[in-house]
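Asks: If you're matching positions, the sequence shown starts at 0 in numbering that gives the first Met the number 0 and goes up one per residue. In this text, a Cβ means the ideal position worked out from N, Cα and C, and glycines have one as well.
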Amino acid sequence: MNQLIIATVILAVVAHGAPTSSPMENTDNTQFVKWCVKSGYTGSVGQVTKFYIKEESVDDFKRFMARHVAHSVREPGSINFELHADYLDNTIFWVTEAWESPLDILQHMNTEWFRSSFLKAVPGFLADNLQIGFYKLKVDN
């Protein structure tokens, strides 16, 4: 990237003030499920989940999540499902997922794998609460 562009971005952040750090989540499970069921929205949706993993659990978490991703990408309505490593902290991971509809993500969360494996295993890896952001994949005009 051009150094002038980088310098311009840094100056803009300094001039306007860097955003304060705050949780990225925009929903909780109850609100999320209610919206999926009652909103009437039938378009594609996405979710990003930020996981804070205990340092001693990182390798086990990565192995577990490889299996979780392999299950999830094969589910009906799955558009995309990926695990990403944070660029600064090797104990933070991000999952990005995209679904054809809100009902598809609810069905994903109701699969035997999700209920019997994911919900039981993940709490043991966590160093802190995970954070979830849910969104529509397309912006309505």
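Please check the pair W93 and I78, which I expect to be a contact at CB under 8 Å, by giving their CB distance rounded to whole angstroms.
Replies: At roughly 17 Å, the Cβ-Cβ gap does not stay under 8 Å, so W93 and I78 are not in contact.
Asks: So, is D103 buried or exposed, given that buried needs 16 or more other C-beta atoms within 10 angstroms?
Replies: Answer is buried; the Cβ neighbour count reaches 16.
Asks: Rounded to whole angstroms, how far is the Cβ of T95 from the Cβ of H107, which I believe are closer than 8 Å?
Replies: That pair is no contact at about 14 Å.
Asks: Among all the DSSP beta bridges, which residues are the ones paired with Y134?
Replies: Paired residues: G45.
Asks: What would DSSP say about E99, mapped onto helix, strand or coil?
Replies: Note: E99 maps to coil in three-state DSSP.
Asks: What is the C-beta distance between F50 and L125, in whole angstroms, given that I count them as a contact (C-beta under 8 Å)?
Replies: Their Cβ separation, rounded to whole angstroms, is 7 Å, which keeps F50 and L125 in contact under 8 Å.
Asks: Which stretch, first to last residue, makes up the alpha helix (DSSP H) that contains N28?
Replies: Its alpha helix (DSSP H) spans residues 28–37.
Asks: Can you look up A126 in the DSSP assignment and give me helix, strand or coil?
Replies: Coil at A126, not helix or strand.
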